[in-house]
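*Asks:* These protein sequence lines are chains E and W, in that order. Start counting the first sequence at 1; every next residue gets the next number (the working numbering). Start counting the second sequence at 1001; every next residue gets the next number (the working numbering).
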Amino acid sequence: MSDIFPKWTNKLPLMAGVVGAVLGVSVLAGITYYFTPKYTRVGYQPKQPVAFSHAIHAGQIGLDCRYCHNGVEKAWFSNIPAAATCMNCHSQVKKDSDKLQLVRDSFASGQSIPWVQIHKTPDYVYFNHSVHVNRGVSCVHCHGEIQKMDEVRHEKPLSMSFCLDCHRDPAAFVRPNELVTKLDWKNEGFDGKKAVHDWKVQPGQSCSTCHR
Amino acid sequence: MRKFLAYFLTFWALAVVAVVGVAGLRGSTSRKPPLEFFSDMDHQPKLRPQTTAKFAGFADGMSSRLPVPGTVARGSAFEASEFNTGKKADGSFVDAMPVPVNAALVARGRERFAIYCAPCHGAAGDGNGVTTKFGMAAVAKFHDERIIKMGDGEIYNTIANGKNLMLPYGDKLDPQDRWAVVAYVRALQLSRLGKKEEIPDAVRATLK
């Protein structure tokens, strides 16, 4: 009997245990780390058809976001401006620049510029810009410091837990409503708790708030 | 056993390095669209604004459509009233705005002015906004006598339909907001036209 299994096989259960544990923990760690919008979305920075820079327009020139995204206070959707908006200035500023060829073409033809959409919630989620920006929630919480970006980059995960982290306790995120588009605003003595109470800010947490 | 563990751990370490090497770290910048492990019902056959509509059969593929000629959207300003056009029935510009001017209207006008006009016309309407440093030329000064004497309706019309080198702002400002901006332009002009006697005594005493 003694020769059928060599002696080392006595350690087989131990080896299997060690291998199983190490592999199991690694796979779990990998899934937690990678299978989340923090990995899949954050950092997405597609190449845009026109080399438009928020750092120049919103940062250096200091245009308000609503000069271009003028629907953001009124609609669920924050519009990308039409070429006519660009031509307000670029009919005179850098009017012969090659970088603006597509803008001029689009202005002449009415065909939209094929901007690549970066932020997008799944189609089963109901999102609304106007409820947020009219309640003192700034763009910066959901889009990062756009006014410093030459190319827009997906900064925040926009996952369900990201939304809920704020909906459960918005006090740290609200600011006076007229400062919503001042992305570099620093809170100096504004009492968010009081504002949430006084303005009766009550972001819903039930499923039907965002899945309807 | 020891040897086996050594082999196994080497293999494991290589595998981890390979996975991290290929997949990268969280938050690293990527040109590729986000991965979707399970795409659930993320993409439903419905139209979203400003996208390319593949199924809808529009020749140009744009999901946001321009109004069909001869139609008006609900709630849009189509009536040829003084409020909507800034013009009287005979086509001349109205002199005084057809909305009550109060503090709320001017405050609204001030906010809208800062967003849509100040980049060119400057915060005080001097025609020296930030874009003039980059080549915007011929920007009007609101303190010119011609514009001070202009009827409210004509300024309204410039906002709604543009004038010469200035493109229209009617798509960004609805009629109520256009009047609000006109009210604020008037306030800016008045701020330079006031006389010393009009300042309340208490305030005048503090001025030097």
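We put the beta carbon where it would ideally sit given N, CA and C, even for glycine.
Throw me the rounded Cβ distance for the residue 189 of chain E and residue 174 of chain E pair, which I believe falls under 8 Å.
*Replies:* Contact flag wrong, Cβ pair sits at about 14 Å.
*Asks:* Take every Cβ of the segment 145-157 of chain E, pair it with every Cβ of the segment 44-59 of chain E, and state whether three or more of those distances are shorter than 8 Å.
*Replies:* With a cut-off of 8 Å, the segment 44-59 of chain E and the segment 145-157 of chain E count as touching, because enough Cβ pairs lie within range.
*Asks:* If distances are taken between C-alpha atoms only, which option among W/1083, W/1187 and W/1100 comes closest to residue 1093 of chain W?
*Replies:* For residue 1093 of chain W, the nearest C-alpha among the options comes from W/1083.
*Asks:* What is the residue span of the alpha helix (DSSP H) that residue 1129 of chain W lies within?
*Replies:* No alpha helix (DSSP H) contains residue 1129 of chain W, which DSSP labels as neither H nor E.
*Asks:* What are the boundary residues of the alpha helix (DSSP H) that residue 1153 of chain W is part of?
*Replies:* 1152-1161 is the span of the alpha helix (DSSP H), which, as asked, contains residue 1153 of chain W.
*Asks:* Check whether chain W comes within 8 Å of residue 210 of chain E, counting only Cβ atoms and requiring the distance to be less than that.
*Replies:* No, residue 210 of chain E lies away from the interface with chain W (no Cβ there is under 8 Å from its Cβ).
*Asks:* What would DSSP say about residue 1133 of chain W, mapped onto helix, strand or coil?
*Replies:* The answer is helix: DSSP assigns residue 1133 of chain W an H, G or I state.
*Asks:* Which residue from E/104, E/88, E/84 and E/79 puts its Cα closest to that of residue 118 of chain E?
*Replies:* Looking at the Cα atoms, E/79 is the closest of the given residues.
*Asks:* For a cutoff of 8 Å on Cβ pairs, would you count residue 1119 of chain W as touching chain B?
*Replies:* Annotation note: the requested chain B is absent from the structure, which comprises protein chains E and W.
*Asks:* Taking the Cβ atom as the reference point for each residue, do residue 42 of chain E and residue 1026 of chain W lie within a distance shorter than 8 Å?
*Replies:* Yes.
*Asks:* Looking at the strands, I want to know which residues DSSP matches up with residue 1209 of chain W.
*Replies:* What the structure shows of chain W is the stretch from 1001 to 1208, and residue 1209 of chain W is not part of that stretch, so it cannot be assessed.
*Asks:* Residue 112 of chain E CB to nearest chain W CB: under 8 Å?
*Replies:* It does: the Cβ of residue 112 of chain E has a partner Cβ on chain W nearer than 8 Å.
*Asks:* In chain order, what residues of the same chain have a beta carbon less than 7 Å from the beta carbon of residue 1169 of chain W, not counting five sequence neighbours either side?
*Replies:* Taken in chain order, the residues that qualify are 1116 and 1159.
*Asks:* Report whether the distance from the Cβ of residue 114 of chain E to the nearest heavy atom of the ligand ZN is below 7 Å.
*Replies:* You won't find the ligand ZN in this model; it holds no ligand whatsoever.
*Asks:* For a quick check, are the C-beta atoms of residue 1179 of chain W and residue 1062 of chain W less than 8 Å apart?
*Replies:* No, Cβ-Cβ distance for residue 1179 of chain W and residue 1062 of chain W is not below 8 Å.
*Asks:* Within 10 angstroms of its Cβ, does residue 1113 of chain W collect 16 or more other Cβ (buried), or is it exposed?
*Replies:* When all chains shown are included, residue 1113 of chain W counts as buried.
*Asks:* So for residue 174 of chain E, helix, strand or coil by DSSP?
*Replies:* Strand.
*Asks:* Measuring only the C-alpha atoms, how far is residue 102 of chain E from residue 1196 of chain W?
*Replies:* If I take the Cα positions, the gap works out to 54 Å.
*Asks:* From the DSSP output, read off the bridge partner residues of residue 44 of chain E.
*Replies:* The partner list for residue 44 of chain E (beta bridge, DSSP) reads W/1030.
*Asks:* For residue 137 of chain E, name the three-state secondary structure that DSSP assigns.
*Replies:* Residue state, collapsed to three classes: strand.
*Asks:* So residue 89 of chain E is in the alpha helix (DSSP H); what residue range does that whole segment cover?
*Replies:* Segment 83-90, the alpha helix (DSSP H) holding residue 89 of chain E.
*Asks:* Apply the 10 Å Cβ neighbour rule to residue 90 of chain E and answer buried if 16 or more other Cβ atoms are within range, or exposed otherwise.
*Replies:* Residue 90 of chain E should be labelled buried.
*Asks:* Is the beta carbon of residue 1030 of chain W sitting closer than 8 Å to the one on residue 48 of chain E?
*Replies:* No, these two residues do not count as a Cβ contact at 8 Å.
*Asks:* Taking residue 1120 of chain W and residue 1139 of chain W to be in contact with their CB atoms under 8 Å, please state how far apart those CB atoms are, rounded to whole angstroms.
*Replies:* 5 Å between Cβ atoms; contact.
*Asks:* Residue 4 of chain E: buried (16+ other C-beta within 10 angstroms of its C-beta) or exposed?
*Replies:* Exposed, since its Cβ has fewer than 16 Cβ neighbours within 10 Å.
*Asks:* Whole angstroms are fine: how far does the CA of residue 1157 of chain W sit from the CA of residue 107 of chain E?
*Replies:* So the alpha carbons of these two residues sit roughly 22 Å apart.
*Asks:* What first and last residue would you give for the alpha helix (DSSP H) that runs through residue 1202 of chain W?
*Replies:* Counting along the chain, the alpha helix (DSSP H) containing residue 1202 of chain W begins and ends at 1201-1206.
*Asks:* Can you pull out the residues from the segment 13-35 of chain E whose beta carbon lies closer than 8 Å to at least one beta carbon of chain W?
*Replies:* Listed by position, the residues of the segment 13-35 of chain E near chain W (Cβ gap below 8 Å) are 14, 15, 18, 19, 22, 23, 26, 30, 33, 34 and 35.
*Asks:* Let me check understanding here. Comparing Cα to Cα, which of W/1133, W/1127 and W/1076 lies closest to residue 1188 of chain W?
*Replies:* Looking at the Cα atoms, W/1127 is the closest of the given residues.
*Asks:* Along chain E, in chain order, which residues have C-beta atoms closer than 7 Å to that of residue 1115 of chain W?
*Replies:* Those are 64, 66 and 67, listed as they occur along chain E.
*Asks:* Residue 160 of chain E and residue 1167 of chain W: beta carbons closer than 8 Å?
*Replies:* It is not a contact, given that the beta carbons lie outside the stated cut-off.
*Asks:* Can you list, in chain order, the residues of its chain with a C-beta nearer than 8 Å to that of residue 1088 of chain W? Leave out the 5 residues immediately preceding and following it.
*Replies:* The residues are 1082, 1094 and 1153.
*Asks:* Between which two residues does the alpha helix (DSSP H) harbouring residue 217 of chain E extend?
*Replies:* It is not possible to answer for residue 217 of chain E, since the shown part of chain E is limited to 1 through 212.
*Asks:* For residue 1142 of chain W, count the other beta carbons within 10 Å of its own beta carbon; 16 or more makes it buried, fewer makes it exposed. Which is it?
*Replies:* Buried, since its Cβ has 16 or more Cβ neighbours within 10 Å.
*Asks:* Exposed or buried, what is residue 52 of chain E when buried is set at 16 or more other beta-carbons lying within 10 Å of its beta-carbon?
*Replies:* Buried: at least 16 other Cβ atoms inside 10 Å.
*Asks:* Using only CA atoms, which one of E/196, E/20 and E/12 lies nearest to residue 1012 of chain W?
*Replies:* Of E/196, E/20 and E/12, the residue nearest in Cα terms is E/20.
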